[in-house]
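Participant: After the structure tokens below, expect a handful of questions from me.
In full-length UniProt numbering, the protein residues as written are 1 to 183.
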């Protein structure tokens, strides 16, 4: 029976979520499978990948062929590296301890890369928020300035602002004189 390591689609329309499974090559894409090896969620950034590394290596050693996408995922998580190192152990090129040491060193380095990517994404989000806040403050300041200018009395073109102020001051005195005459 030819065995493939492939993705099985789950999730709703537009929000895919995959199981990584070992399945008979003749089975349907989302049909019967032999073993669930992990999950892959491309909706998050970076994509979430949870994988049983030892089980995946066992299937590779038994002759399972990964599909292209599954191969990329297995490589990203180090399954293909571990399979390669265990091949070296079988041939006598490495000891079990050396292979395990190389694999753990690679895993630690990979975790650092992933953590730096997450940190970079968080920094980009914070920068975008700061820029949006700055732009919003500028718009609010312009609105406040426009409202303040609208509240001031307008001067006709060609007149001095002082002349307008004196005209405004004289107007109430004229009214006051008019009211005194009526009495």
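We treat Cβ as the ideally placed atom computed from N, Cα and C, and that holds for glycine.
(1) Between which two residues does the beta strand (DSSP E) holding residue 17 run?
(2) Which ranges does the beta strand (DSSP E) cover as unbroken runs of at least 3 residues, wholly within the stretch 9-81, from first to last along the chain?
(3) Based on Cα-Cα distance, which residue from 61, 76, 132 and 136 lies nearest to residue 108?
(4) So what does residue 3 bridge to, in DSSP terms?
(5) Tell me the rounded alpha-carbon separation between residue 115 and residue 124.
(6) Determine, using beta-carbon pairs with one atom in the stretch 55-74 and one in the stretch 97-111, whether at least three such pairs fall under 8 angstroms.
(7) Roughly how many whole angstroms lie between the Cα atoms of residue 130 and residue 146?
(8) Check whether the Cβ atoms of residue 29 and residue 18 lie closer than 8 angstroms to each other.
(9) Would you tell me roughly how many angstroms separate the C-alpha atoms of residue 117 and residue 68, rounded to the nearest one?
(10) Have a look at 25, 49 and 21 and flag the residue whose alpha-carbon is nearest the alpha-carbon of residue 36.
(11) Return the chain-ordered list of same chain residues with a C-beta closer than 7 angstroms to the C-beta of residue 16, the five sequence neighbours on each side being excluded.
Facilitator: Let me spell this out:
(1) Taking the chain shown and counting its residues from 1, the one referred to as residue 17 is at position 17. Residues 15-24.
(2) 15-24, 35-41 and 48-51
(3) Taking the chain shown and counting its residues from 1, the one referred to as residue 108 is at position 108. Closest by alpha carbon: 76.
(4) Position 3 of the chain shown, counting from 1, holds the residue named residue 3. Answer by DSSP bridge pairing, in chain order: 24.
(5) Here residue 115 corresponds to residue number 115 of the chain shown, with the count starting at 1. Here residue 124 corresponds to residue number 124 of the chain shown, with the count starting at 1. In this model, residue 115 and residue 124 are separated by some 14 angstroms (Cα to Cα).
(6) no
(7) On the chain shown, position 130 is the one that residue 130 refers to. On the chain shown, position 146 is the one that residue 146 refers to. If I take the Cα positions, the gap works out to 24 angstroms.
(8) By one-based count along the chain shown, residue 29 stands at place 29. By one-based count along the chain shown, residue 18 stands at place 18. Residue 29 places its beta carbon 8 angstroms or farther from that of residue 18.
(9) Counting from one through the chain shown, the residue named residue 117 turns up at place 117. Counting from one through the chain shown, the residue named residue 68 turns up at place 68. So the two alpha carbons sit approximately 24 angstroms from each other.
(10) Looking up residue 36 in the chain shown gives position 36. Per the Cα distances, 21.
(11) Against the chain shown, residue 16 aligns to sequence position 16. Taken in chain order, the residues that qualify are 9 and 42.
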